[in-house]
Amino acid sequence: MRPYVREKKIFSFDEVPENTCFEAGYLTTVNSGWRSIRPVVDAAKCVGCEQCYLYCPDGVISINEKKAEIDYDFCKGCGVCAKICRPGAIRMEAEPK
Amino acid sequence: MKKFLSGNEAFAEGIRLARPQVVSAYPITPQTVVVEKLSEMVEDGSLSSEFIHVESEHSALSCAIGASAAGARTFTATSSQGLLYMAECLYYASGGRFPIVMMNADRSVALPWNIYGDQRDSLSQLDSGWIQAYAENAQEALDLALMSYRIAEERTVSTPFMVNLDGFVLTHTYETVDIPSQEEADRFLPSYETDNCFDFDSPKNMAFSAGPETNYIFKYKEHKGMLAAKPVIEKAEEEFAAVFGRKYPGLIESYRTEDADYVIVTLGSIAGLCRETADKLRERGIRAGVLRLRYIRPFPNEELAAAMAGVKAYAVLEKDISFGNEGTVFTNVNSALKKAGLTAKGYNFIGGLGGRNISHADIEDIFEKIQKGTEDVNFIGIGGLGDGK
Numbered sequence: 027m028r029p030y031v032r033e034k035k036i037f038s039f040d041e042v043p044e045n046t047c048f049e050a051g052y053l054t055t056v057n058s059g060w061r062s063i064r065p066v067v068d069a070a071k072c073v074g075c076e077q078c079y080l081y082c083p084d085g086v087i088s089i090n091e092k093k094a095e096i097d098y099d100f101c102k103g104c105g106v107c108a109k110i111c112r113p114g115a116i117r118m119e120a121e122p123k
Numbered sequence: 274m275k276k277f278l279s280g281n282e283a284f285a286e287g288i289r290l291a292r293p294q295v296v297s298a299y300p301i302t303p304q305t306v307v308v309e310k311l312s313e314m315v316e317d318g319s320l321s322s323e324f325i326h327v328e329s330e331h332s333a334l335s336c337a338i339g340a341s342a343a344g345a346r347t348f349t350a351t352s353s354q355g356l357l358y359m360a361e362c363l364y365y366a367s368g369g370r371f372p373i374v375m376m377n378a379d380r381s382v383a384l385p386w387n388i389y390g391d392q393r394d395s396l397s398q399l400d401s402g403w404i405q406a407y408a409e410n411a412q413e414a415l416d417l418a419l420m421s422y423r424i425a426e427e428r429t430v431s432t433p434f435m436v437n438l439d440g441f442v443l444t445h446t447y448e449t450v451d452i453p454s455q456e457e458a459d460r461f462l463p464s465y466e467t468d469n470c471f472d473f474d475s476p477k478n479m480a481f482s483a484g485p486e487t488n489y490i491f492k493y494k495e496h497k498g499m500l501a502a503k504p505v506i507e508k509a510e511e512e513f514a515a516v517f518g519r520k521y522p523g524l525i526e527s528y529r530t531e532d533a534d535y536v537i538v539t540l541g542s543i544a545g546l547c548r549e550t551a552d553k554l555r556e557r558g559i560r561a562g563v564l565r566l567r568y569i570r571p572f573p574n575e576e577l578a579a580a581m582a583g584v585k586a587y588a589v590l591e592k593d594i595s596f597g598n599e600g601t602v603f604t605n606v607n608s609a610l611k612k613a614g615l616t617a618k619g620y621n622f623i624g625g626l627g628g629r630n631i632s633h634a635d636i637e638d639i640f641e642k643i644q645k646g647t648e649d650v651n652f653i654g655i656g657g658l659g660d661g662k
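For the record, the sequence lines run as chains A and B. Counting from 27, one number per residue, gives the positions in the first sequence under the working numbering. Counting from 274, one number per residue, gives the positions in the second sequence under the working numbering.
Here you go:
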């Protein structure tokens, strides 16, 4: 399930609540900016074993028609998927500018 | 119904009447009797409450915060080392604006190890964002147990409330106390309603982070919330008098200060001895008066200045010292009077630390010293900075 992303809201004085209690599910930003390297899946080599999906600490990998797909909005570039992929279908590349 | 009760027992009766839904309990001398009595009341059915015996004071307040976040009226009690152990939670409770009521038995803080009463524990936490009231006697303790929820839970306030009882001197001494009926208590104190809690129908994020742009605004609103307690305290005391017939005088209690030249400003149960001494001096023609601070947060700046307008010299008698400077209560009082442009000369008297006795003679000596002039900071029984040698 993809996190529900909203526009970043600048709170005016009156909008800041009196207490630390606010409407839930308020994610304002993607965390793709954390990456310096990104995983790239070679679909030809991917066998759909789902190990990368299981190991991803942020749950950004999904299996679509037996091939791994990465949600680059929320991938933080940790490289665990590339490390665990036995067929060697995932390699880490430098994050493009 | 009148009963002969200790300060602790009276406070427990007040809490029973307030109908807390959750009591998170951890023992520490000299408050243990409060949570023990509450456990007995839950056992015999006179209090219907979720009584949770936790593993530490940090847990006691964390548990209370969790319960409050679920929308429950909660209570806990502590003292001294326990108050400091839960110190980080004090700020969680106040920043989260949870109207928890906590009884603190004022007790000294190690080192050296000491279980007797002084005010160093609560006064060290004046900045924690909790309303702080100081009871003088067991009746006031019981009444504050009820009033504290009424004030704390008011929407414009939404601030946790610490009721302080002098350790042993008030917690363990006995007096006749009038215990109101549950029906009267229910008339005064309605059930706790809030939207500052978890809700399945409108899910919330609670107790979250706030970055540099917004954190500052939260703190401003917290400050305003505490200040909003002042008119609510006044209103609550009027409502209290209407139901129970006892009228409290607000943030300060003045005794013969209207025409006084010399006043002792103090807090807690020592005020009684001060008033007796003031009466003796009055018989000798000295215009003495006593001012008891019932609330230290919010601080009664204007009320103090108004009451002390004609005073020549005053002493602040307190059971704490902010090492390297002066007593904390003196700092607050002096500031209030200077802001109002009063020229009364103020002197600080530190006494009672670690449960040390303060006698009639000590109080007379204070009045004597402020008439003649003395050092800024005086330790009762030792003297000023040079006398300890």
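For each residue, glycine too, the CB sits at the ideal point set by N, CA and C.
> If you measure from the beta carbon of K121/A to each beta carbon in chain B, is any gap under 8 Å?
Replying inline: On the first sequence, position 95 is the one that residue 121/A refers to. Note that residue 121/A corresponds to Glu in the displayed sequence, not to Lys. Not closer than 8 Å to any Cβ of chain B, the Cβ of E121/A fails to qualify, so no.
> Since E462/B contacts R428/B with CB under 8 Å, what's their CB separation in whole angstroms?
Replying inline: As a first step, residue 462/B must be located in the second sequence, where it is residue number 189. As a first step, residue 428/B must be located in the second sequence, where it is residue number 155. It should be pointed out that residue 462/B corresponds to Leu in this sequence rather than to Glu. Going by Cβ atoms, the distance from L462/B to R428/B rounds to 15 Å, so no, they are not a contact pair.
> Going by other Cβ atoms of all chains shown within 10 Å of its Cβ, with 16 needed for buried, is N90/A buried or exposed?
Replying inline: Counting from one through the first sequence, the residue named residue 90/A turns up at place 64. Exposed is the call here.
> Can you find a CB in chain A that lies within less than 8 Å of the CB of R370/B?
Replying inline: Position 97 of the second sequence, counted from the start, is the residue given in the question as residue 370/B. Yes, R370/B counts as interfacial toward chain A.
> Is DSSP giving V31/A helix, strand or coil here?
Replying inline: For the purposes of this step, residue 31/A is taken as residue 5 along the first sequence, with counting starting at 1. Note: V31/A maps to strand in three-state DSSP.
> By the criterion of Cβ-Cβ separation under 7 Å, what are the contact partners of N45/A in chain B?
Replying inline: Numbered from its first residue, the first sequence carries residue 45/A at position 19. Those are G369, R370, S431 and N469, listed as they occur along chain B.
> Quick one, which residues of the region 461-495 of chain B are near chain A if we go by CB-CB under 8 Å, in chain order?
Replying inline: D468, N469, C470, S475, P476, K477, N478, M479, A480, F481, A483, E486, T487, I490, F491 and K494
> When DSSP labels each residue in this structure, what does R423/B get in the three-state scheme?
Replying inline: Along the second sequence, one-based indexing puts residue 423/B at 150. It is helical.
>> Assuming F434/B is part of the beta strand (DSSP E), what are its boundary residues?
In response: Residue mapping note: residue 434/B aligns to position 161 of the second sequence, counting from 1. Unbroken beta strand (DSSP E) run through F434/B: F434 to D439.
> What are the start and end residues of each continuous alpha helix (DSSP H) run of 4 or more residues lying completely inside the region 321-365 of chain B, in chain order?
Replying inline: 330-342 and 353-358
>> For a contact defined as C-beta to C-beta under 8 Å, what are the partners of E49/A on chain B?
In response: Taking the first residue of the first sequence as position 1, residue 49/A is located at position 23. In chain order: S475, P476, K477 and N478.
> Between the region 417-441 of chain B and chain A, which residues of the former have CB atoms less than 8 Å from a CB of the latter, in chain order?
Replying inline: S431
> Looking at the unbroken beta strand (DSSP E) that takes in G545/B, where does it start and where does it end?
Replying inline: Translated into positions along the second sequence, residue 545/B becomes position 272. Looking at the DSSP string, G545/B is not in any beta strand (DSSP E); the run it does join, the alpha helix (DSSP H), is A544 to E556.
> From this set, R548/B, Q392/B and L419/B, which residue's C-alpha is nearest A514/B's C-alpha?
Replying inline: Locating residue 514/B in the second sequence gives position 241, where the first residue counts as 1. Answer by Cα proximity: L419/B.
> Shortest alpha-carbon distance to V327/B belongs to which of D317/B, G355/B, G318/B and L320/B?
Replying inline: Start at 1 with the first residue of the second sequence, and residue 327/B comes out as number 54. Nearest C-alpha to V327/B: G355/B.
> Among R32/A, N45/A, V31/A and E41/A, which one has its Cα closest to the Cα of S482/B?
Replying inline: Counted from its first residue, the second sequence places residue 482/B at position 209. It is N45/A.
> Run through DSSP, which three-state label would N488/B get?
Replying inline: The count along the second sequence starts at 1 and reaches residue 488/B at position 215. Three-state result, N488/B: helix.
>> Using a Cβ distance threshold of 8 Å, determine whether the region 448-457 of chain B contacts the region 300-318 of chain B, with at least three qualifying pairs required.
In response: no
> Interface residues of chain A around G498/B at Cβ under 8 Å?
Replying inline: Residue numbering aside, residue 498/B sits at position 225 when the second sequence is read from its first letter. By Cβ distance, chain A contributes E44.
> How should D474/B be labelled, buried or exposed, when 16 other C-beta atoms within 10 angstroms of its C-beta is the threshold for buried?
Replying inline: Translated into positions along the second sequence, residue 474/B becomes position 201. By the neighbour-count rule (16 or more Cβ atoms within 10 Å), D474/B is not buried but exposed.
> How big is the Cα-Cα spacing for L334/B and G545/B?
Replying inline: Residue mapping note: residue 334/B aligns to position 61 of the second sequence, counting from 1. Residue mapping note: residue 545/B aligns to position 272 of the second sequence, counting from 1. When rounded, the distance between both Cα atoms is 32 Å.
>> Does the CB of F100/A have a neighbour CB from chain E at under 8 Å?
In response: Judged by its chain identifiers, the structure shown contains no chain E, and its protein chains are A and B.
> Which one or two residues does DSSP pair with N90/A in a beta bridge?
Replying inline: Position 64 of the first sequence, counted from the start, is the residue given in the question as residue 90/A. According to DSSP, N90/A bridges with K93/A.
> Is it right to say P293/B is buried, meaning 16 or more other beta carbons lie within 10 angstroms of its own, or is it exposed?
Replying inline: As a first step, residue 293/B must be located in the second sequence, where it is residue number 20. Buried, by the Cβ-count rule.
>> Give me, in chain order, the residues of the same chain whose beta-carbon lies closer than 6 Å to that of E576/B; leave out the 5 immediate sequence neighbours on both sides.
In response: Counting from 1 along the second sequence, the entry for residue 576/B is found at position 303. Excluding sequence neighbours, E576/B sits near L524 and I525.
>> If the criterion is Cβ atoms closer than 8 Å, does the pair T432/B and G280/B meet it?
In response: As a position in the second sequence, residue 432/B is number 159, starting the count at 1. As a position in the second sequence, residue 280/B is number 7, starting the count at 1. For T432/B and G280/B, no; Cβs fall outside 8 Å.
>> Taking its Cβ as the centre, do 16 or more other Cβ atoms sit within 10 Å of Q455/B, making it buried, or is it exposed?
In response: For this step, residue 455/B is matched to residue 182 along the second sequence. Q455/B is exposed by the Cβ-count criterion.
>> Restricting to Cα atoms, I'd like to know which of N630/B, D638/B, A283/B and G287/B is closest to E457/B.
In response: Taking the first residue of the second sequence as position 1, residue 457/B is located at position 184. Of the listed residues, the one whose Cα sits closest to E457/B is G287/B.
> Taking DSSP as the reference, what is the three-state secondary structure of C82/A?
Replying inline: Reading the first sequence from its first residue, position 56 is the one you call residue 82/A. Correct three-state label for C82/A: coil.
> From T302/B to I639/B, what does the alpha carbon distance come to, in whole angstroms?
Replying inline: Here residue 302/B refers to the residue found at position 29 of the second sequence. Here residue 639/B refers to the residue found at position 366 of the second sequence. So the alpha carbons of these two residues sit roughly 31 Å apart.
> What are the boundary residues of the alpha helix (DSSP H) that E286/B is part of?
Replying inline: Along the second sequence, read from residue 1 onward, the residue named residue 286/B stands at position 13. E286/B -> alpha helix (DSSP H) spans G280 to A291.
> What did DSSP end up calling N574/B once you bin it into helix, strand or coil?
Replying inline: Position 301 of the second sequence holds residue 574/B. Note: N574/B maps to helix in three-state DSSP.
> I490/B to V42/A, Cα distance in whole Å?
Replying inline: Locating residue 490/B in the second sequence gives position 217, where the first residue counts as 1. Locating residue 42/A in the first sequence gives position 16, where the first residue counts as 1. Rounded to the nearest angstrom, the two C-alpha atoms are 7 Å apart.
> Taking buried to mean at least 16 other C-beta atoms within 10 Å of its own C-beta, is E486/B buried or exposed?
Replying inline: By one-based count along the second sequence, residue 486/B stands at place 213. E486/B comes out exposed.
> Cα-Cα, which of G600/B, G619/B and A551/B is closest to V584/B?
Replying inline: What you label residue 584/B is simply residue 311 of the second sequence in a count that begins at 1. That would be G619/B, whose Cα lies nearest to the Cα of V584/B.
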